[in-house]
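Everything below concerns the one structure shown next.
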Amino acid sequence: MSGPTRVGVEVGGTFTDLVAFEADGVRITKVPSTPQEPHRGAIAALDESGLALEGTGDLVHGSTVATNAVLERKGARVAFFATEGFRDLLTLQRQSRRSIYDIHYQKPEPVVPRRDTFEVPERIGPEGEVVAALDDAAARQRVARALQGAGYESVAICLLNSYANPAHERRMAALVAERFPGTGITCSSDVTREFREYERASTTALAAYVQPVIDRYLGEFGRALDDRGFEGRFSLMQSNGGRLPASGMAGNAITALYSGPAAGVMGAIRQAGCSGHRDLITFDMGGTSTDVCLVQDGTPVLTSDAEIDGLPIRIPVLDIVTVGAGGGSIVWRDDGGMMRVGPRSAGADPGPACYRRGGAEPTITDAHLVRGSVLADTFLGGRMDVDPALAREAFAALATHFERSVEQVADDAIRVAEHNIVRAIQLVSTERGRDPRDYVLVPFGGAGPLHAARVAEVLGISTIVVPPAAGVLSAFGLVASDFVRYESRTVRIAIDEAGAAERVRAQFAAMRQDADSAFAALGLASGLRYTHTLEMRYVGQAFEVPVALEADEIAGLDTGLLRERFNEAHHRIFEFDDSRTNRPEIVSFRLGIASPPPAVPRLADTDAAPHAADVTIFDGGARLPARRINRSALLEAGEGDGPLLIADETSTAYVPPGWRARMDAHNNVILTH
Amino acid sequence: MALDRVDQAIISQALVAAAKEMGIKLVRSAYSPIVREANDCSAALLDADGNVVSQAELIPMQLGPIGTTFRPCAELHPPETLEPGDFYINNDPYHGGQHVPDVFIFTPIFFRARLVGFSATVAHHLDLGGGAPGLNMAAGDVHQEGLIFPPSRYNVNRDWNGGPLERLVRANVRVPEKTIGDCNAQFAANGVGARRVTELCEKFGADAVTEAMAALLDYSEQRMRAAIAAAPDGVYHGEDQLDGDGVNDEPLVVRARVEIAGDSVSIDYAGTCDQVRTNVNCPFASTIAAGLSCIKSVLTSPDIPFNEGSKRPISITAPMGSMLNPRPPAPVRARMLSAYRAYNAVMKALAEAVPERVMAAGFDSTHATCLSHLGEGGYGIYLEIFGGGYGASALGDGCDAVDSPLSNCSNIPIEAIDMEHRFFRVVEYALVPGSGGGGEQRGGLGIRRVYEVLADDVEYQSYSDRFTIPPEGLFGGEDGGAASVCVLRGNERIALGSKTSFRLAKGDLVVMSTGGGAGYGEAGRRSPERAARDRDDGALAAP
């Protein structure tokens, strides 16, 4: 590949990964993360890789810094303004409990405490009409009293019904800026234009809470890049699966929450796409958890229903379901005698029992060592020293209790973990009306390829694509991702009212104009693509079903097509439609704009010498003689039958009996049965 | 053949997941705000004999006795006579139901012509006719509380989709598009549950699924028994009281005798007052739910799947003709109130047995507010359920502003109310500073709501409690704050009772406050840091 070097740097919980595409090949670097000062880990990865940043044209970064700021409640000090009478929105939340029999229940802690919440007299009505005007003089006074000398870094403004008319929020923002220039200001109508005040207030408070954190972080990271002579484009990953130039994150920091899992999905889409697969279920299994996402026709499914630490976020993010099943997940027996795996994890410290760091409880990683599906000498490319005897010891008590051999109990634990993953996949497929058998499974992360075949068997999936360098696919995904931005508007239109189709066209056209100018301001204008989604429901319902329209369908749109598409989408999810007695309406519009990166690089294997050995794996109640090979050996042989282990630097794939593995022309290992 | 232990674990988890999915889909496809926003509904899977195997964790009150609601249907129309498309329906408080608005629908699940179980949903319907829109506080008997579906069998194709039952319901309710829409959402959610169970049968075989269902009941029973056995044996007593029945201010006393013996518990409500003429009587199915929920919450870990098996170690009795086991046709709409006192009485008894695991009394009431108006476009009916402050416990402060323990309704977003109704507007929604009883651990805060009435002839109906008798502090903690409602009309302040109706006029302000929870332990022992935080966050009453 030619052109300037392109680099992805992904800061994870345990490791910071770097993937660099240079003229002469791919360079992979892994260094420990530095959770206290995350930018240092990222800089360390750059330094350790030995890359010349002067020649780097494109640097994409994914970081947990926003997520951690929320989880550890280390974000900015925020003043929150609400409509008079409603300052307690963030504490009242939705009144319900998540655990119904827990008498010691506590609500998720808001990021803004009650003492930092304020009110302003005004009221907008549900159609956007002004019920009580915002009195400038009164508002000025409230702003001054709240903020004067109080040292807030950031102000969040969420007024009732502002999704229908943002005028009062805009005016408040102007009043704050006039009196306290330099203070960060976040209006709910700029973050999400959807009804339900608590969810919108929570999103706004979170946005105001992480913005200064991201601003500071990007400042520090940017300076370090300048010091190293970097003159290329620096962009940041978002939770919607696209990236934005760093300059575009001003006012958009909340889109950086959960960007890590999104990067992996984008890497999987790109890599599986090379082999011609566009309908995917991706499955990223790491040390503590597994992230699952469904990809339809090359596009990941989005949701506006996400939350962080129990606090709702109403911006479009990849619909990723996370279960507590990772290599470090603990295997235990509950007081009803049932075997359970996770969600508790041994983490990196003490880690699995085999790590020799004092961990005594058995984990999934230990189970693999006992079973023989992971071998001590190739663990993490041989970089990690593990003790199989400690792994066996950790399972001894469970084996005694269940009256089974240690191998059998380890094998059972892996089956239970695999079914936890199966349920996560069912959540994003069957529960959304999608049949998993129509999809290809793409496992990655350190542990994904070990479990993929058995998970696929349960779900009836017949093809698996294991990408090269599966352990660092997220860093690759950063470089492979498009620039993306979403616009959304709540505009209710009953589809059988006169001129409905015309209004839909006009609305999308206006949003497209806004999106174009936002992108133009960031210097993005080439190869623009758009996605059009209507959030629809039957009149009287409260939750919407997304209906995607192709760009070329918009011109010929009519009531009939809208009705047909909605009934179909409703039926797919709920297994019924109310078309007999009810009529659909549009509630909101979402337009996505995307610009592709320069030519997408391809992942290749490192050129290790072919290697093969005989091993024994305990699987399905029997001891199976198997072969362990590396990817170079598979490439040489072309294909191989299970039972087979295919190990590389960053992960191991398990090919059970009945499955066949082959290396295709795009460096993907394809498993079929 | 004995079921493989791992298969059992896998099928069990899948059954729990399927019930949860039913609940989510019911909420998301429903029409009335009481279901779609407030989530006043539940879902469960039953085995072929009608034992609840798994449930979506939505409303404890609706979930405990689903089997009790099922059985009268099965006695009349034995399950083996059911055909595809058939369903049972029941909301009869005197034949296993709870209160009239909670309509239970059971759909049989067939796998290759074999009955393998039932999927069940219950939703609180916004209006089922009766003497007033949404809520009739004046009802003198159950017949004035709405349309009763006695335990019966119908067929969805023949009787519902445009058929005679659907037309009968449509003709007898005030907001048919919501009632019919919510019923359709129930049928659809039942369909989803049925589909998941048949998928499991395809994968593992019907025998394995049936066996796993039975094993899941045994599993929950075993875990419940282990937890109960860990509590000290003995006979314990507790009592609590309602402010009154809405007509008389005479407190209504509920008494519980709780006996823990080995791995079982028995609760007897002997000594509880006689049934009353207003709607605070509690059908026996609801009394059972209250006792079960308290035992489960206090003695066991929250992750034990709640099903018929977890009920086996617990027996509950209440004298016939008492407020907790009334004779027909006594009205029962506000049965949650007496059910809460049944819950509190058991909690107080358990405070003697396991003081470190109980919580002090909280607001522990359902505060139901119903506003209705007949406008040009038909009836507008608004119904919302409020909780208040939780009682404090040895582990921490009571939760602020949360629905009470036997229920779990969400609030209805102000913006959803604004979209739906033009005859009133919410102008304040806030915490009530100072309403949490002081203590080493303080009680949770209550909720304040102010409604501005925008039309004449708006009907207000409401039931609540703890207006005059506040929740009692535990181990030296202070009592929680009382609840109240008043109407501000010009310069006039009209105090309303806890169980009442009132005709509102344009310009009126209805000001309601729900109660806080009581404290646990002496206030002098509260740490200075936490006291300072209470002060800074305005949790205390203004000085």
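These protein sequence lines are chains A and B, in that order. Add 221 to a position in the first sequence, counting from 1, and you land on the number used in the working numbering. Add 582 to a position in the second sequence, counting from 1, and you land on the number used in the working numbering. Glycine residues also receive a C-beta, built at the ideal position from the N, C-alpha and C atoms. Small disclaimer: the values here were computed from a predicted structure and weren't measured.
Bridge partners of residue 1068/B according to DSSP: 1077/B, 1093/B. With contacts defined as CB atoms closer than 9 Å, residue 969/B and residue 1056/B fail to qualify as a contacting pair. Look at residue 324/A: its C-beta is under 9 Å from a C-beta on chain B. For residue 467/A, there is no enclosing alpha helix (DSSP H), as DSSP gives it neither H nor E.
Where residue 263/A is concerned, the enclosing alpha helix (DSSP H) starts and stops at 259 to 270.
Contact between the region 372 to 386 of chain A and the region 298 to 308 of chain A is present: three or more C-beta pairs spanning the two stretches fall below 8 Å. Under the three-state reduction of DSSP, residue 665/A is assigned to strand. Partner residues in the beta bridge of residue 251/A, as assigned by DSSP, are 238/A.
For the pair of segments examined, the region 818 to 832 of chain B was found not to touch the region 784 to 798 of chain B: the number of CB pairs separated by less than 8 Å stays below three. Between residue 259/A and residue 286/A the beta-carbon gap is near 5 Å, inside 8 Å, which marks them as a contact. Taken atom to atom, the span from the alpha-carbon of residue 945/B to that of residue 311/A is near 21 Å. With a cutoff of 9 Å on beta-carbon distance, residue 1122/B and residue 335/A are scored as not near each other.
Per the coordinates, the alpha-carbon of residue 683/B lies some 15 Å from the alpha-carbon of residue 645/B. Against residue 328/A, the close residues of chain B are 981, 982, 984, in the order they occur along the chain (beta-carbon pairs closer than 8 Å). In terms of beta-carbon proximity, residue 384/A lines the interface with chain B, with at least one pair separated by less than 9 Å.
A Cβ-Cβ distance of about 5 Å is found for the pair residue 802/B and residue 889/B, placing them in contact under the 8 Å criterion.
For the 9 Å CB-CB criterion, residue 1053/B and residue 926/B form a contact.
Three or more beta-carbon pairs separated by less than 8 Å are not found between the region 529 to 546 of chain A and the region 684 to 694 of chain A, which leaves the two stretches without contact.
Taking the beta carbon of residue 320/A as reference, the chain B residues within 7 Å of it are 884, listed in sequence order.
Under the 9 Å criterion on CB atoms, residue 310/A is classed as interfacial with respect to chain B.
The Cβ atoms of residue 775/B and residue 702/B lie closer than 9 Å to each other.
Under the three-state reduction of DSSP, residue 742/B is assigned to helix. Annotation: the continuous beta strand (DSSP E) that includes residue 1043/B extends over 1040 to 1045. Under the 9 Å criterion on CB atoms, residue 803/A is classed as interfacial with respect to chain B. Interface residue (Cβ-Cβ distance to chain B less than 9 Å): residue 679/A is classified as such. DSSP, reduced to helix, strand and coil, places residue 314/A outside both helices and strands of the structure shown, so it counts as coil. Per DSSP, the beta bridge partners of residue 704/A are 464/A, 816/A. Neighbours of residue 773/B in chain A, taken as residues at a C-beta separation under 8 Å, are given in chain order as 796, 797. Rounded to whole angstroms, residue 320/A and residue 1064/B show a C-alpha spacing of 26 Å. With fewer than 16 other Cβ atoms inside 10 Å of its own Cβ, residue 830/B counts as exposed. The DSSP-derived three-state label of residue 1021/B is coil. Fewer than three beta-carbon pairs drawn from the region 324 to 342 of chain A and the region 1014 to 1022 of chain B are found closer than 8 Å, and the two stretches are therefore not classed as touching. In terms of beta-carbon proximity, residue 1000/B lines the interface with chain A, with at least one pair separated by less than 9 Å. Note that the region 942 to 956 of chain B touches the region 1041 to 1051 of chain B; at least 3 beta-carbon pairs, one per stretch, sit closer than 8 Å. In the displayed model, residue 966/B falls within a strand according to three-state DSSP. Note on residue 1076/B: under 16 other CB atoms within 10 angstroms of its CB, so exposed under the neighbour-count rule.
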